[in-house]
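J.: I have a structure I would like to understand better, so I am pasting it below and will then ask my questions one at a time.
Residue numbers (the numbering used here), protein chains in the order written: chain A, 1 to 307; chain B, 1001 to 1230; chain C, 2001 to 2537.
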């Protein structure tokens, strides 16, 4: 069995004259939970739709489970679960009807008990119509429909959009239920980095259509650091340490965001720069993501001194 | 199994509109036909006077399509427009295309289910009512002179024109062009075809124009659906 | 995948066909709107210009106006009188309608109300348009729209009740009869009544019919005209009589006239004095011959005369012809170029009219009894200007039409289009459409060619950065050239894809192909940021 479930090569998409995805080379290994993150308009949904063959690439290619995305066969689609953005389902159907509809396409794989358990777990009834469900409930149904066929690969586009914290927790617990099964791969996009941090073991960051990170969550979190250095006199003009992403100066303090710089090098430079002391700030994934995708070094968003 | 599931889903979506069309046609078509039959007995005579020239108007008589035809025509077109909107426009607004398209069937199967469901909808909603009304009008105690087979066929032609309207709506819905460019061309083509068909006076001409137009629309719908981005 | 590829090859031409058809119709509508708007304004101008008051006319103008508006009547001896009915005083409908009778030398012979007229003029056979049913109407009846879907049904009654209904079957070209209970009675075809369907002979291709009820019955008799024959059908007696048959050419539609043929009540519209006149039927065949069919006694004559009518008294048979040089010669009206040329030559010249009375002898020979000529001044300048403006607008508007129209016209030939314009084909949808299209033919105008070239140039500049293949590029250039404005609009509708600046050469390039059409460079991958965290799996 191939270890790579998803592979894109030079995947590019233009909407008219606007570049949405720019030469994305991505590989997702089997058996991981991959968080796909990016700012608004970064190209996440576009990339997912390209992978699923719902959009045609301008250039490049994408392969899902070894099959070209623009020609996914019914057999391959049967192995992929997909939770759509916004959990758009047929509003006139009830949950039972949707179950029967979905089951028809997975005759051998469908797990009746699993679906029933999930519906019960979410405190829903099969007689409820989709149009009478809240966003959260619809998300739960959507997840149940996607998981019940026991897909090899589950792709979810912002599955927790609009859900409150409690529902999100339930949703993620459902996902964890899935990953406990062998060989399953999950790719999900999200704006809520806390969720990604909670469940993912791999992270992919896309910024303005360009792939910026594709590594394990641990590597990502280890690589991005924020260091605050205090100086007795003035802050040095030259900041010549490797991996500087952002640099914020105040009168006696220097705040650096560094990528890929280990603690030893930080310590060495702090000494050589004459810092009184330095502090490596503990950041959560959200902070790291914001720093990683923030605009260029010399742009100042908030000018504290002038206030 | 999968095709039949898709077909059942599409038919279920068409069901309210099918029933509405059938009921309205039965009620109004039947009522006006009955009224026409009631006045049948005095329509033929008494207007011709001895020793006068006869205006041809007094020698031409309408078939039952005069009273049932407008209902059948407009209901058929209306049903076509509504089903086209229901199957192809509404998924654009509700954004359910990705959910529908990510199935273990090919896109052409999904499209075929929609088209088949619509054809069945037309046949089983308006068809039986028309057959019933025609049968009723063919009874000698209702109209003295029997209706011709051509009238029966013409009723079915109106039903087919509804299908043309449906295909035009579907093509417009699937088009990704702007409103002010070619998006509505599907609907416009359907309109042109309907007008052309109504202007023909031979059955061969009518069937030819319907067949050619349906072929053109179907080819474009299939091509657009298979290659469209959702 | 195979289905996608094979569909694409069929779908692309159908999409082009659909788009160009709709755009052509839109362009045609726009051209029509412009021309009709111009006509509306020029007609408004014409009617809003104050008409010259009667008192302002000179004596000569009054005389010419009187001659123009008079009916030219003949006495049986050939004398011609001009019967003039002056307009009543505006607002005075109580005034009796006076008529004035003048002779050919302009002398007033009599003045008074028409019921006291001292002269008995010859009355002539009338064309039956008003009471006739034409081929086009028969076609319209077979159209499927509810307003048209009708039958010809002849009711036959007795004691105020319908007892039989005879329905015409256009496909089989005979009548089928039913009693009031829906039981079949039989068939009436060209050979008469029969019970057997197989023995019922078709009448032939329908052209025209007229109907009347005789004085002693409310059941109609039909005069039924086909391509080459005229029948008289009496449904009450279930009898068919062939009145006339043309062996050489078809009978012209709607030019059949009757005089004293129908047994109408005295005073009924269209009736004639049966004591004075013999029953006469006049029909015209396409070779220009006029055929007189007479009764009491039965006679038939074929005459080669121009536009005419006929009458037959107990004393003689008369033919009345009229003509003018103000009407275009036959055949010219079919060609716009020839018609325009004739019109240009005619404008500004006086218009000559004439009427002639002939007597027909027993051998069918014609003896000219009298002729009256009169001349009218040329059309007024405002009418000429309006006409010129209309022609000019049409000419300029037509320059946006496809040159393809000219090509089709020349390929099919003038004869084909002449027959398409022929009156008897009116009401046929496709021929009407073709005629409408040809009215907007560019006629090889220079402006049309220049416009086509400009549009091709625009398409070239637009398509160059977007081209994906030479075949497609050349096809569209030729297409735009052949279809002119419609072609350009179709091209833009189907090919207006986005362009970007090529990062390599800086020139515009389309996105339909992977590489730039100019420098062949592919879209460059973005530079990998030094701080990007991309680790291979």
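Think of the CB as a built atom: it goes at the ideal place given N, C-alpha and C, for glycine as much as any other residue. Small disclaimer: the values here were computed from a predicted structure and weren't measured.
(1) How would you write the range of the beta strand (DSSP E) that residue 2232 (chain C) sits in, first residue to last?
(2) In chain order, which continuous runs of the beta strand (DSSP E) of length 3 or greater are located wholly inside the segment 122-184 of chain A?
(3) Are residue 1194 (chain B) and residue 1164 (chain B) close, meaning C-beta to C-beta below 8 Å?
(4) From which residue to which residue does the alpha helix (DSSP H) around residue 2068 (chain C) run?
(5) Would you call residue 2009 (chain C) buried or exposed, if buried means 16 or more other Cβ atoms sit within 10 Å of its Cβ?
(6) Pick out whichever of C:2172, C:2486, C:2250 and C:2166 has its Cα sitting closest to the Cα of residue 2219 (chain C).
(7) Going by DSSP in three states, residue 2242 (chain C) sits in which element: helix, strand or coil?
(8) Looking at the secondary structure, which residues open and close the alpha helix (DSSP H) in which residue 24 (chain A) lies?
(9) Which residues, in chain order, does the segment 201-219 of chain A contribute to contact with chain C at a C-beta distance below 7 Å?
(10) Residue ranges of each beta strand (DSSP E) run of no fewer than 3 residues wholly in the segment 2252-2333 of chain C, ordered along the chain?
(11) Confirm, please, whether the CB-CB distance from residue 2511 (chain C) to residue 18 (chain A) is below 8 Å.
(12) Within its chain, find whatever has a CB closer than 6 Å to the CB of residue 1111 (chain B); leave out the 5 residues flanking it on each side and keep chain order.
(13) Quick one: what does DSSP say residue 104 (chain A) is sitting in, helix, strand or coil?
(14) For the segment 1091-1104 of chain B against the segment 1207-1218 of chain B, do three or more pairs of beta-carbon atoms, one drawn from each stretch, fall closer than 8 Å, so that the two count as touching?
(15) So with Cβ pairs under 8 Å, would you call residue 184 (chain A) a contact of chain B?
(16) From the beta carbon of residue 1105 (chain B), is the nearest beta carbon of chain A less than 8 Å away?
(17) Taking any Cβ of chain B, which residues in the segment 2263-2279 of chain C have a Cβ under 9 Å from it, in chain order?
(18) Determine the direct distance from the alpha carbon of residue 87 (chain A) to that of residue 1121 (chain B), and round the result to whole angstroms.
(19) Closer than 8 Å, Cβ to any Cβ of chain C: which residues of the segment 252-265 of chain A, in chain order?
(20) For a quick check, are the C-beta atoms of residue 2374 (chain C) and residue 2067 (chain C) less than 8 Å apart?
(21) Applying a beta-carbon distance threshold of less than 9 Å, which residues of chain B neighbour residue 2236 (chain C)?
(22) Considering only C-alpha positions, which residue in the set C:2435, C:2311 and C:2282 is nearest to residue 2252 (chain C)?
(23) Under 8 Å Cβ to Cβ from residue 1035 (chain B), same chain only, skipping five residues before and after it: list those, please.
(24) Closer than 6 Å by C-beta to residue 1022 (chain B): which residues in its own chain qualify, once you throw out the five before and the five after it? Chain order, please.
(25) Look at residue 2351 (chain C) and residue 2325 (chain C) and say whether their C-beta atoms are less than 8 Å apart.
(26) Indicate the three-state DSSP secondary structure (helix, strand or coil) for residue 2024 (chain C) in the structure shown.
(27) Which residues share a DSSP beta bridge with residue 2072 (chain C)?
(28) Quick check: what's the CA-CA separation for residue 2424 (chain C) versus residue 2070 (chain C)?
(29) Of the residues that make up the segment 2499-2513 of chain C, which ones have a beta carbon closer than 8 Å to any beta carbon in chain A?
(30) What residues in its chain sit with their C-beta under 8 Å from that of residue 1140 (chain B), if we drop five residues either side in the sequence?
(31) Work out the CA separation of residue 1205 (chain B) and residue 1197 (chain B) for me, nearest whole Å.
(32) Which residues, taken in chain order from the segment 41-59 of chain A, show a beta carbon closer than 7 Å to some beta carbon of chain B?
(33) Put residue 306 (chain A) into one of helix, strand or coil per three-state DSSP.
(34) Would you tell me roughly how many angstroms separate the C-alpha atoms of residue 2470 (chain C) and residue 2482 (chain C), rounded to the nearest one?
(35) Can you check which of these residues, C:2037, C:2034, C:2061 and C:2026, is closest to residue 2378 (chain C) by C-alpha distance?
(36) Would residue 2345 (chain C) be called buried (16 or more neighbouring beta carbons within 10 Å of its own) or exposed?
T.: Quick answer:
(1) 2229-2234
(2) Listed in chain order, they are 153-157.
(3) Cβ distance < 8 Å, so residue 1194 (chain B) and residue 1164 (chain B) count as in contact.
(4) 2059-2069
(5) Exposed is the label assigned to residue 2009 (chain C), since fewer than 16 other Cβ atoms lie within 10 Å of its Cβ.
(6) C:2166
(7) Residue 2242 (chain C): strand per DSSP, three-state reduction.
(8) Per DSSP, residue 24 (chain A) belongs to no alpha helix (DSSP H); it is in the beta strand (DSSP E), 18-29.
(9) 210, 211, 212, 213, 214, 215 and 219
(10) Look at the segment 2252-2333 of chain C and you find these whole runs of beta strand (DSSP E), each 3 residues long or longer: 2257-2259, 2280-2284, 2289-2294, 2299-2304, 2308-2312 and 2317-2324.
(11) no
(12) 1225
(13) coil
(14) no
(15) No, residue 184 (chain A) lies away from the interface with chain B (no Cβ there is under 8 Å from its Cβ).
(16) yes
(17) 2263, 2264, 2265, 2266, 2268, 2269, 2270 and 2271
(18) 29 Å
(19) So the close ones are 259 and 260.
(20) Their beta carbons are under 8 Å apart, which means residue 2374 (chain C) touches residue 2067 (chain C) by this criterion.
(21) Under the 9 Å cutoff, chain B gives no residues; its nearest Cβ is about 12 Å from residue 2236 (chain C).
(22) C:2282
(23) 1067
(24) 1125 and 1129
(25) yes
(26) helix
(27) C:2082
(28) For residue 2424 (chain C), the pLDDT reaches just 46, beneath the cut-off of 50, and the residue's location in the model is therefore unreliable, although a value from the coordinates is still provided. If I take the Cα positions, the gap works out to 31 Å.
(29) 2499, 2500 and 2511
(30) 1146
(31) Approximately 8 Å between the Cα atoms of the pair.
(32) 52, 54, 55 and 56
(33) Confidence is the limiting factor: at residue 306 (chain A) the pLDDT is only 45, short of 50, which leaves the residue's position unreliable, though a coordinate-based value still follows. Residue 306 (chain A): coil per DSSP, three-state reduction.
(34) 18 Å
(35) C:2061
(36) exposed
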